[in-house]
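Sequential numbering of the sequence shown, starting at 78, is according to the working numbering. Cβ coordinates follow ideal geometry from the N, Cα and C atoms, glycine included. Quick caveat: nothing in here was measured; it's all calculated off a predicted structure. Right, one structure below, let's go through it.
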Amino acid sequence: MDWWKDYFARVWEPMSHLIKQKRDTVHECDLLDHLMHEFEMQTLLDVPCGSGRIALEMARRGYEVTGVDFNPQAIQKAKQKAQRMTKNRPSFVQDDMRNMQLDRKFNMAACLYNSFGYFSETENLAFLKSVSNLLTDGGCLLLETHVLETLLPVFTPKEYWRYDEYILLEERVFDFNDSRLKGNWTLIDKSGNRENFSSSVRIYPYHQLIHLLTTCGFTHFEPFGSYHAEPFEMGADMLLLLARKGDIEE
Numbered sequence: 078m079d080w081w082k083d084y085f086a087r088v089w090e091p092m093s094h095l096i097k098q099k100r101d102t103v104h105e106c107d108l109l110d111h112l113m114h115e116f117e118m119q120t121l122l123d124v125p126c127g128s129g130r131i132a133l134e135m136a137r138r139g140y141e142v143t144g145v146d147f148n149p150q151a152i153q154k155a156k157q158k159a160q161r162m163t164k165n166r167p168s169f170v171q172d173d174m175r176n177m178q179l180d181r182k183f184n185m186a187a188c189l190y191n192s193f194g195y196f197s198e199t200e201n202l203a204f205l206k207s208v209s210n211l212l213t214d215g216g217c218l219l220l221e222t223h224v225l226e227t228l229l230p231v232f233t234p235k236e237y238w239r240y241d242e243y244i245l246l247e248e249r250v251f252d253f254n255d256s257r258l259k260g261n262w263t264l265i266d267k268s269g270n271r272e273n274f275s276s277s278v279r280i281y282p283y284h285q286l287i288h289l290l291t292t293c294g295f296t297h298f299e300p301f302g303s304y305h306a307e308p309f310e311m312g313a314d315m316l317l318l319l320a321r322k323g324d325i326e327e
């Protein structure tokens, strides 16, 4: 079931400098910045952090940031980038996001770019519990993920992307028996060489995701449909869910 180890080490990380050009890091961090300012928060856990795209930008904005990822190559790249900063460098830790062993707590955690649902049912829950345990009372998790309500209306069985000298193909099926999106990926380089990989991501309906978070100590939820904090409604491309932990005075 650990398909993600092979995929992220052999496909994602070598291409991340190309793929991240397609993402609007500024808008992602603008929403985090807005939320952390609104709740007067200063410390951020970025998990999984990859090579530090979000963590580095949030550190530049003055926040105290720790990034966690299982991939040692990604963590090494993130540390190298941080070394080039002259002040307020983020920290990067190689660790298992299902059972993070950190010696501090955070006001905010961010799990972005559809990085949730890679594991078994038990392990997905373990990740949410691990995050909750690392948050202060009143702390928040910003979770970006597909839910059934966003995925099924736009589901397509095939898709491809071109990133400079690479072509990435995906053929996918949605398995209704276990509610997992299963993909077969082909990476083609400029010489025509091919590598094949598979993926399997658990897609929860919105109400079930809320239930999982509730069992982990989260009590208040605010869904967004975009990084511009638009309302979450049918037709949204993705769910951005702000989950807040503990007893909170309104």
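In this structure the segment 155–171 does not touch the segment 181–196; the number of beta carbon pairs closer than 8 Å is below three.
In this model, Asn-210 and Gly-269 are separated by some 47 Å (Cα to Cα).
By DSSP's assignment, Asp-252 forms a beta bridge with Arg-257. Taking 8 Å as the upper bound for CB-CB distance, Gly-215 and Gly-323 are in contact here, some 5 Å apart.
Scanning its chain for C-beta atoms nearer than 7 Å, with the 5 sequence neighbours on each side dropped, one finds around Glu-310 the residues Gly-302, in chain order. Excluding five sequence positions before and after Trp-81, the CB atoms of its chain that fall closer than 6 Å to its own CB belong to Tyr-195, given in chain order. In the three-state scheme derived from DSSP, where H, G and I count as helix and E and B as strand, Pro-230 is classed as helix. Straight through space, the alpha carbons of Leu-108 and Asn-273 are spaced by roughly 35 Å. Secondary-structure assignment with DSSP links Gly-144 through a beta bridge to Asp-123, Phe-169. For Met-185, the uninterrupted beta strand (DSSP E) segment begins and ends at 183–188. Our two residues, Leu-205 and Phe-147, have alpha carbons roughly 16 Å apart in a direct line. In this structure, the straight-line span from the alpha carbon of Leu-220 to that of Glu-242 is close to 32 Å. Taking C-beta separations shorter than 8 Å and ignoring five residues to either side along the sequence, the partners of Val-224 in its chain run Ile-280, Tyr-281, Pro-282, Tyr-283, Leu-286, Leu-316, following chain order. Taking C-beta atoms as the reference points, Phe-169 and Gly-129 count as a pair closer than 8 Å.
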